[in-house]
Amino acid sequence: MNTPDPLFPSSEFEKSDLELSLKNASAIKGLELHYDFITPEEEISLLKHIDEQSWLEELSRNVQHFGYKYDYKHRSINRDFYIGDIPEYMQFLLKRLQEKGFITQACDQAIVNEYTGNQGISAHIDCEPCFGDVIISISLSGSCVMNFQKDKNATAEEKIPLLLPPRSLVIMKNEARYEWLHSIPNRKKDVFNGNTYPRGRRVSVTFRKVILEESRK
Ligand SMILES: O=C(O)CCC(=O)C(=O)O
Ligand SMILES: [Fe+2]
129 MNTPDPLFPS SEFEKSDLEL SLKNASAIKG LELHYDFITP EEEISLLKHI
179 DEQSWLEELS RNVQHFGYKY DYKHRSINRD FYIGDIPEYM QFLLKRLQEK
229 GFITQACDQA IVNEYTGNQG ISAHIDCEPC FGDVIISISL SGSCVMNFQK
279 DKNATAEEKI PLLLPPRSLV IMKNEARYEW LHSIPNRKKD VFNGNTYPRG
329 RRVSVTFRKV ILEESRK
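The numbering used here numbers the first residue of the sequence shown as 129 and each following residue consecutively.
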């Protein structure tokens, strides 16, 4: 029996662009990019489960929260925001992250982001008192360019772009977590290394470890 073609083929991406994206990632301490962290079949199954849940529409992009609800307005999280365990259909991702040694502490919070049209995310550092020292993001369905910059007012030349194809994994630790801001520009297509990549719908599954108030320093 033939295996079906993936819905979101990696063959769309120039090899030299994927290599450049890895090289860019290696310029930032604590930033890791891994392609094909999951298979196309796993991606399709995850998207099916995700699309069965309801979306929170409080931001410009849709989100789903699991584990603990994150309060974007006050940049806070606490024990009262517990909303249940991370769902079963995401557990294999956490298991794989542990098995590959990418995380050593169990993540207990997940945010799923959905970007459509020209949606992106403005430059930010994930809430430092709320979350632990590893931030994980897995891309599904569509690609994007994620920029890293040290300074809020960085010029285009000072930004380091990563091309994130579907099924890729980004890990932010160390300086990538605490000293660099990350963002996804609001636009309908990305130009990376001279090649144009139209944005489709992109869904990201992000994992974090919550720091509860009583254990904060
Ligand atoms: O969509 C992504 O990959 C990252 C989203 C993000 O930066 C966040 O949720 O804090
Ligand atoms: Fe973030």
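Just so you know, even glycine gets a beta-carbon here, dropped at the ideal spot from N, CA and C.
Quick one, are the C-beta atoms of residue i and residue j less than 7 Å apart?
{"i": "Asp145", "j": "Leu291", "result": "yes"}
{"i": "Gly248", "j": "Arg329", "result": "no"}
{"i": "Leu340", "j": "Arg189", "result": "no"}
{"i": "Asn275", "j": "Lys287", "result": "yes"}
{"i": "Ser267", "j": "Ser311", "result": "no"}
{"i": "Ala238", "j": "Phe335", "result": "yes"}
If you drop the 5 nearest sequence neighbours on each side, which residues of the same chain put their C-beta closer than 8 Å to that of residue i?
{"i": "Gln233", "result": "Gly260, Val262 and Lys337"}
Could you name the residues of the same chain whose beta carbon sits closer than 6 Å to that of residue i, not counting the 5 residues immediately before and after it, in chain order?
{"i": "Pro313", "result": "Gly248"}
{"i": "Pro298", "result": "Per the sequence presented here, residue 298 reads as Val, with Pro not at that position. Contacts found: Leu161 and Ser265."}
{"i": "Pro293", "result": "Ser138, Phe141 and Ser271"}
{"i": "Ile253", "result": "Leu309"}
{"i": "Val240", "result": "Ile178, Gln192 and Val333"}
{"i": "Asp318", "result": "Val273 and Tyr325"}
Have a look at the DSSP bridge pairing and note the partners of residue i.
{"i": "Ala238", "result": "Phe194 and Phe335"}
{"i": "Gln277", "result": "Leu309"}
{"i": "Ile288", "result": "Phe276"}
{"i": "Asp199", "result": "Ser204"}
{"i": "Thr324", "result": "Val319"}
Could you name the residues of the same chain whose beta carbon sits closer than 7 Å to that of residue i, not counting the 5 residues immediately before and after it, in chain order?
{"i": "Thr244", "result": "Arg329"}
{"i": "Met129", "result": "Any reading at Met129 is ruled out, since the residue's pLDDT is 46, under 50, leaving its predicted position unreliable."}
{"i": "Asn246", "result": "Asn314, Arg315 and Lys316"}
{"i": "Ser149", "result": "Leu161, Leu290 and Leu291"}
Q) Using the beta carbon as the reference atom, which residues fall closer than 6 Å to any heavy atom of ligand 2, ordered along the chain? A) His252, Asp254 and His310
Q: Pair every Cβ in the stretch 201-217 with every Cβ in the stretch 152-160, then say whether three or more of these pairs are closer than 8 Å.
A: no
Q. Do the stretch 229-246 and the stretch 279-288 meet, that is, are 3 or more Cβ pairs less than 8 Å apart?
A. no
Q) Does the stretch 136-156 come within contact of the stretch 311-331, defined as at least 3 CB pairs closer than 8 Å? A) yes
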